[in-house]
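Colleague:
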Amino acid sequence: MAGVLEGILTSPIGRKVTAKAGLAEPPRLRRGRVMPAGSVALATLPGGGIAGQVLDALGISPVEPLLDLPEHRTDDEKGRPQPPRYETRPGALVVDATGVRDIAQLELLRQVLRPVMKALEKSGRIIFLATEADGVDGLEAKAAAQAIDGIMRTVGKELRGGSTANLVLLAPGVVPADLASTLSFLLEGRSAFVSGQAWRVAPRKDAHDGSVSAQPFADRIVVVTGAARGIGAAIARTFHRDGARLVVVDVPAAGEGLAKVANELRGSALQLDITAPDAGARIADHVARVHGPDARIWAMVHNAGITRDRMLANLDEKTWASVLDVNLAAEMRINAVLLDHDRPGALAPDGRIVGVASTSGWAGNKGQSNYAASKAGVMGLVRAMADDLADGHVATNGVAPGFIETEMTGKIPYVQREVFRRVNSLSQGGQPVDVAETIAYLCDPASGGVDGQVIRVCGQNMVGR
Amino acid sequence: MLERHAVIVGGNRTPFVKAGTAYVQASNQDMLTAAIDGLVARFGLAGQKVDEVVAGAVLKHTRDFNLTRESVLGSALDPHTPAVDLQQACGTGLEAVIYATNKIRLGQVTTAIAGGVDSASDAPIVVREGLRRALLKASHARKPVDRLKAFAAVRPADLLPVPPAVVESRTGLSMGESQALTTKNWGITREAQDELTLASHQNMARAWDEGFFDDLVTPFLSVGKDKILRPQTTMEALAKLKPVFGGSEGTMTAGNSTALTDGAAVVLVAEESHARAQNWPVLARVVDAQVAASDYVTGNEDLLLAGARAIPELLDRNGLSLDDFALIEIHEAFASTVLATLAALEKNGTGTVDRAKLNVNGSSLAAGHPFAATGGRIVASLAKMLAERGSGAKGLVSICAAGGMAVTAILEGV
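Line order of the protein sequences matches chains A and B. According to the numbering used here, the first sequence is numbered sequentially starting from 12. According to the numbering used here, the second sequence is numbered sequentially starting from 650.
1) Going by alpha carbons, who is nearest to V758/B out of I747/B, D767/B, L785/B?
2) Whole-angstrom Cβ separation of A655/B and T750/B, contact assumed at under 8 Å?
3) So which residues of chain A does V689/B contact, with C-beta pairs closer than 7 Å?
4) Can you list, in chain order, the residues of the segment 254 to 267 of chain A whose Cβ is nearer than 7 Å to any Cβ on chain B?
5) Could you work out which residues of chain A lie near F869/B, taking near to mean beta carbons separated by less than 7 Å?
6) Just to confirm, is the Cβ distance from V702/B to A914/B under 9 Å?
7) What are the boundary residues of the alpha helix (DSSP H) that includes N949/B?
8) Using a Cβ-Cβ cutoff of 9 Å, what residues of the segment 227 to 243 of chain A are near chain B? List them in chain order.
9) Quick one: complete alpha helix (DSSP H) runs, 4+ long, within the segment 209 to 278 of chain A?
10) With 9 Å as the threshold, decide whether the Cβ of D284/A is near any Cβ in chain B.
11) Of all Cβ atoms in chain B, is any one closer than 9 Å to the Cβ of M12/A?
12) For I114/A, is the classification buried or exposed, using 16 other Cβ atoms within 10 angstroms of its Cβ as the cut-off for buried?
13) Cβ closer than 9 Å: which chain B residues qualify as neighbours of P304/A?
14) For G362/A, write down the residues that DSSP places opposite it in a beta bridge.
15) Mapping the DSSP letters down to three states, classify M12/A as helix, strand or coil.
16) In its own chain, which residues sit with a C-beta less than 6 Å from the C-beta of G1011/B, not counting the 5 before and 5 after it?
17) Hey, does D875/B have any beta-carbon neighbour from chain A nearer than 9 Å?
18) Can a CB atom of chain A be found closer than 9 Å to the CB of V916/B?
19) With 7 Å as the C-beta to C-beta threshold (strictly closer), list the residues of the segment 696 to 727 of chain B near chain A in chain order.
20) Looking at the C-beta of L124/A, does it have a partner C-beta in chain B at a distance below 9 Å?
21) Under DSSP, the beta strand (DSSP E) around P892/B begins and ends at which residues?
22) How do the segment 303 to 316 of chain A and the segment 350 to 365 of chain A stand: do at least 3 beta-carbon pairs fall below 8 Å, yes or no?
23) Using a Cβ cut-off of 7 Å, which residues of the segment 414 to 445 of chain A contact any Cβ in chain B, in chain order?
24) What residues of chain B sit near G375/A, judged by a beta carbon separation below 8 Å?
25) Can you check which of these residues, A732/B, A772/B, I762/B, A704/B, is closest to T910/B by C-alpha distance?
26) Taking Cβ positions, are V262/A and D296/A nearer each other than 9 Å?
27) Does DSSP put S788/B in a helix, a strand or coil?
28) With 9 Å set as the bound, which would you pick, yes or no: does the beta-carbon of A683/B sit closer than that to a beta-carbon of chain A?
29) Considering only residues of the same chain and omitting the five flanking positions on each side of A13/A, which have a CB-CB separation below 6 Å?
30) Pull up the distance between the alpha-carbon of V430/A and that of Q439/A, whole angstroms please.
31) What is the residue span of the alpha helix (DSSP H) that N852/B lies within?
32) Whole angstroms are fine: how far does the CA of L119/A sit from the CA of P183/A?
33) Could you tell me which uninterrupted beta strand (DSSP E) segments, each at least 3 residues in length, are contained entirely in the segment 80 to 165 of chain A, listed from first to last along the chain?
34) Say whether chain B places a C-beta atom closer than 9 Å to the C-beta of V301/A.
35) Which partner residues of N1052/B appear in the DSSP bridge assignment?
36) Residues of chain A with CB under 9 Å from G765/B, in chain order?
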């Protein structure tokens, strides 16, 4: 029945009807390693300047933004004053608010934002840079820093046409090279489904020079669990595009799809139940077998996960435990083995670990107490590991996907699925590649300053913070 | 020149299923390609050239004259990988391993994939002799009227297709009926056959549960495990089955005989130092091999007991006795084939096989028997078990084949 309804509503006539009902065809997002078509405007607010240096390092020549000052306004035909208009649509606006310390300065953000809100091209970008609240002194400075977060989230919700807004929080001591990979990611189509998010960039811990490349993983080994299909396969394909040598892992029962992914990407397949007590050892052994005993894993992506949804009123200990074991405990056991950097096939001393959380972990979800526990646990784990490994060079981060179009979410009844899709600022579900791109950004050798962060890939879903 | 050893590096197979079930739409080429691709994925060989791929099938369409090469071309291997088809009935898979081993030892190749495939679901159905002659005549006819005349000779009975059957052309007996004679000759009881069958199922079920096949099998067409395997079967359940060979007094049932099976299996064979340089697991060396044949047509000897001729020759040449082997794999064409082979080995003075070493992770009764795939299945499993037992552990393989033949080999843990 739902299939029939979906057929009608997605037919050409059906689409006209749904558009009239307010369910317009969602904007098609710019994806991949593609820069905005229009220019990048840079607003350097007083005390700022680092963003300009980063854009310079990325080879981008920014243009001056228009400011909504009373003297710049012109009256429209009805005599209402209008903000100045961009002659051509800008592709992005970068707001360097790293020097903003008082409430009065927030007016400067309003001045640059008003003219751009309706001018931005489709899939445009508004990127805020601010100094994190912990990095500024005084009550007003801390309040102003947090205020920028509120501005950014609102901008994300007001933007149309697939445009996004995000905030980069700078830790003390950050230099331009720490930010290059982050700004490159945010400007390019890779961050298509990341909006309304704020995350922290600190000084890089490793020796990488911070320069960005389209092949950042050349000759680097990346292990992806749950890679036989869906998001895991997209993660593997994205790393392959960026030069990585893939080791794809999935349960033996998924071996058919896994072998196809491995062969397509010229990688290798490991059929493994990650809950096996020796799973970490078997991953390291496989890497050493295929790539030699001196080889080390550059990035370990813990994507494998299961759902066993039950309302708590119906949830027994077995269903509870299986989800926590696959989604959280197995990841911890594997990390413990791979962090022995001397072991052949283990993680590189300056490698990356990424856990996959979920908006369910962020906000909770009816019928998913076990899943939410495991995914919130992943967030806790990656943050705690970043603290735990602060003296080393390994960076640990997480991503929290929202509604992503996969075989799994395709099984949700049509009407419900359509609702899940639309309750975000981009009015659509994300693609598996959106999650993959964010993970690849976190694993970029130039992203060493991003540590202990969880980035939501949810199109600014209304659920959760 | 330093002595070159051929070693088994790993293996891969599809799960085996009963003919006419899950793989009914799959051709030999589909299954062999899948088995090769699973192996390629496991070892990260996509886009790479293997020196030679050797495989075969027993039930083969004429269009599959280049089955293995076509499978290679359909796989993720470098298209510069040459391939050869080889066929020796149920000995095909093991003979393919021997072919690869010999080439490696002679220095002609360094890496090879060896194995086999069989689809009893997609067995070729041929036309009868009368129709074949008419078709030939018609194709040579110059005038339409001659063409019609050629077909005029065809009788209705000639239009019936000839279904495939596993029948010895010289005795006219099916494999099962031939074995029924052997079973009777050697006084093999129903209970002994059922016990061996039960052990096969129990051992293979345990191996699956322990994850033994996790790196030996890649799912195919959404089948994850061997489908013939009956982990829950019992002596009582087996005892209830009616005899299918040897008449009403027969002791051979659908339980203690192998089912017609679809599946494919391959192994990766490499020269030892090359395998080590590649960081590949060196599971076991292929030490030696022996083929033998029996005089079964006269009825003086048994169709499927040539193993009892090959094994003593093989042991003699290598200065070994049965006691020197940690593991012995005798292909379970029928439970009574194994039991009669053991009896024949005792009778001819070769020795007694310790049953605790026999088919310890199950064999064809539990897994099924896609004819040419059985050799690859046994060699990969045996090599892995020998590697677990450590350096010097020896394994013996014996596979009986149609035409009264048997192929045997010695593997040794390195």
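The C-beta atom is built at its ideal place from N, Cα and C for all residues, glycine as well.
Modeller: In short, the structure shows the following:
1) I747/B
2) 4 Å
3) N274
4) P263, A264, G266, E267
5) E267
6) no
7) No alpha helix (DSSP H) contains N949/B, which DSSP labels as neither H nor E.
8) none
9) 241 to 252, 266 to 275
10) Interface criterion met: the Cβ of D284/A is under 9 Å from a Cβ in chain B.
11) Residue confidence for M12/A is low, a pLDDT of 44 falling below 50, so the modelled location carries little weight and cannot support an answer.
12) exposed
13) N928
14) Per DSSP, none; premise fails for G362/A.
15) Unreliable positioning characterises M12/A in this predicted model, as indicated by a pLDDT of 44, which lies under 50. The coordinate reading is nonetheless provided below. Reduced to three states, the DSSP call for M12/A is coil.
16) S849, N852, M853
17) Chain A, which has no Cβ nearer than 9 Å to the Cβ of D875/B, makes this no.
18) no
19) G696, A725
20) no
21) Judged by DSSP secondary structure, P892/B falls within the beta strand (DSSP E) whose first and last residues are 892 to 894.
22) yes
23) none
24) The premise fails here: G375/A is roughly 34 Å from chain B at the closest Cβ pair, so nothing lies under 8 Å.
25) A772/B
26) With respect to the 9 Å criterion, V262/A and D296/A are not classified as neighbours on the basis of their beta carbons.
27) helix
28) yes
29) The predicted model places A13/A with a pLDDT of 49, which falls under 50 and marks its position as unreliable; any figure quoted below should be read in that light. The residues are P424, Y425.
30) Whole-angstrom Cα-Cα distance: 9 Å.
31) 839 to 858
32) The alpha-carbon atoms of P183/A and L119/A are separated by roughly 23 Å.
33) 103 to 108, 136 to 142
34) Yes, because at least one Cβ of chain B sits closer than 9 Å to the Cβ of V301/A.
35) Checking the sequence shown, residue 1052/B turns out to be Gly, not Asn. G1052/B is not bridged to any residue.
36) Result: empty, since nearest Cβ-Cβ is about 19 Å, beyond 9 Å.
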